[in-house]
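Residue numbers (this note's numbering): 47 to 443.
All residues carry an ideal CB built from backbone N, CA and C; glycine is no exception.
The next block holds one structure in the form of structure tokens; read it before the comments.
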Ligand code: HEM
């Protein structure tokens, strides 16, 4: 079996489940070469991914969670980095600053507003009978929610989200310099937010972040900007890809779709979790070994890159009965689409509310879905989902 988890070709029609199956069965912690880089260990079994993600004393989130190391001198953040790339205790300190905004009760307070946004999004396309599901429906929700959280105009949320998409695209699929330019634009916008929120603080996360303290001092501008980039980045195309990939999965499994529609409110909770397992929008997170350590019989050396493949773990027969089947009634469903351990997705409660609101709105008001052309997938080995998904539909009466 040819294994290539770097080429975006492997992800051009969804995740490479054939390769993942072979790896889990034959070499669950396998060395993977990396042209121009030092190579990495690919981890594909559920139990091993779980272990690596939780053991921050052996596996660090620094210097980066991407496979490719940052270029020397490029980045320009000095000693600063995103919380996603910190380890405890520094990580704990930063996560504490925004944790209370993302608890289940805090997320529930946003539920009615999120439902109203879902209605507004479907209202905008319902009479057209066709749309690009990714851009016009799935992508709208997370960009509006991030904008609301941060106290920004909804239309700005949409612009920021477009920048995120560029940032998550493999550099070779972009014009030279486009990725860096998108990060620079995001920071430019973030700097305007700093000025605006300092002058007129509001009841929003951006204003609260600017007011809060770490080690008895206010956040520096660059620290705020890195939080800003993380939140816009982490909550955007992940949720979008779950919604587009999820609808696609329903269309490809008409029996499951029909079962869901028999009792949408009652069946949505297990269905949503199964769609998360099935689509696993985040393909991987990387760690770096802090010491020599053994994992599933493999000797990992200090400094080695260790890459957790969430989509592979989520189809592991050791963790799931008949993992290759989409089973919307699956319960329990120990998927790790949101990761686990200290970095486990902070936005998961909000994400679930967004997903439910959007699926209810789409599935109760729209039907007769048809794809006039096959969806085009994101050219990325990091985030998985359709880039465009032209869709025809009817209005349900
Ligand atoms: C379907 C939607 C989503 C998926 C699949 C997803 C997945 C993930 C994954 C896999 C991680 C890394 C976990 C790890 O390393 O163990 C993560 C981290 C994170 N996510 Fe999400 N996410 C989603 C939606 C969101 C939303 C809506 C937000 C915010 C509004 C968000 C905010 C974050 C943040 C801030 C982190 C970093 C946490 C940390 O470093 O402590 N995510 N997410």
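Please identify the residue among the options whose C-alpha is closest to the C-alpha of residue i.
| i | options | result |
| --- | --- | --- |
| residue 307 | 131, 362, 374 | 374 |
| residue 49 | 406, 87, 82 | 87 |
| residue 183 | 128, 152, 287, 232 | 287 |
| residue 207 | 290, 123, 281 | 281 |
| residue 297 | 93, 95, 439 | 439 |
| residue 194 | 400, 181, 214 | 400 |
| residue 359 | 397, 215, 75 | 75 |
| residue 293 | 94, 84, 416, 96 | 416 |
| residue 371 | 113, 300, 221 | 300 |
| residue 351 | 105, 92, 51, 58 | 105 |
| residue 265 | 349, 143, 180 | 143 |
| residue 262 | 139, 383, 402 | 139 |
| residue 278 | 130, 220, 149, 163 | 130 |
| residue 314 | 102, 402, 238 | 402 |
| residue 311 | 382, 406, 269, 228 | 406 |
| residue 202 | 188, 81, 267, 155 | 188 |
| residue 422 | 123, 180, 62 | 180 |
| residue 303 | 109, 67, 409, 255 | 409 |
| residue 432 | 325, 334, 102 | 325 |
| residue 113 | 291, 80, 295, 241 | 80 |
| residue 343 | 65, 145, 94, 385 | 94 |
| residue 295 | 150, 185, 319 | 319 |
| residue 137 | 98, 240, 107 | 107 |
| residue 124 | 275, 333, 384, 268 | 268 |
| residue 328 | 68, 384, 420 | 384 |
| residue 290 | 177, 82, 334 | 177 |
At a cut-off of 7 angstroms, would you count residue i as near the ligand SAH, judging by its Cβ distance to the nearest heavy atom?
| i | result |
| --- | --- |
| residue 318 | This structure simply doesn't include the ligand SAH; it includes the ligand HEM instead. |
Mapping DSSP to helix, strand and coil, what is residue i?
| i | result |
| --- | --- |
| residue 392 | coil |
| residue 440 | strand |
| residue 354 | strand |
| residue 91 | coil |
| residue 125 | coil |
| residue 412 | strand |
| residue 403 | helix |
| residue 74 | coil |
| residue 434 | strand |
| residue 171 | coil |
| residue 216 | coil |
| residue 49 | coil |
| residue 86 | strand |
| residue 55 | helix |
| residue 60 | strand |
| residue 113 | coil |
| residue 97 | helix |
| residue 79 | coil |
| residue 106 | strand |
| residue 202 | helix |
If you drop the 5 nearest sequence neighbours on each side, which residues of the same chain put their C-beta closer than 7 angstroms to that of residue i?
| i | result |
| --- | --- |
| residue 380 | 365 |
| residue 70 | 90, 91, 358, 362 |
| residue 211 | 283 |
| residue 160 | 191, 399, 400, 403 |
| residue 102 | 133, 134, 387, 388 |
| residue 54 | 216, 219, 425, 426, 427 |
| residue 394 | 384 |
Please list, in chain order, all residues of the same chain as residue i whose beta carbon is under 6 angstroms from its beta carbon, the five residues on each side excluded.
| i | result |
| --- | --- |
| residue 331 | 111, 354 |
| residue 253 | 243, 247 |
| residue 271 | 233, 236 |
| residue 197 | 248, 250, 252 |
| residue 217 | 225 |
| residue 396 | 153 |
| residue 382 | 356, 359 |
| residue 62 | 56 |
| residue 186 | 167 |
Can you name, in chain order, every residue of its own chain whose Cβ lies under 8 angstroms from the Cβ of residue i, other than the five neighbours on each side?
| i | result |
| --- | --- |
| residue 412 | 168, 172, 439, 440, 441, 442 |
| residue 340 | 346 |
| residue 316 | 374, 375, 376, 377, 379 |
| residue 141 | 129, 388, 392 |
| residue 214 | 279, 283, 424, 426, 428, 429 |
| residue 78 | 49, 51, 52, 85, 86, 87, 88, 353 |
Exercise for review: Let me know the alpha helix (DSSP H) ranges lying completely inside the segment 298-382, each 4 residues or longer, listed in chain order.
Suggested key: 300-308, 310-325, 356-359
Practice item. Run through the segment 262-287 for me and flag every whole alpha helix (DSSP H) of 4 or more residues, listed as ranges in chain order. Key: 267-281
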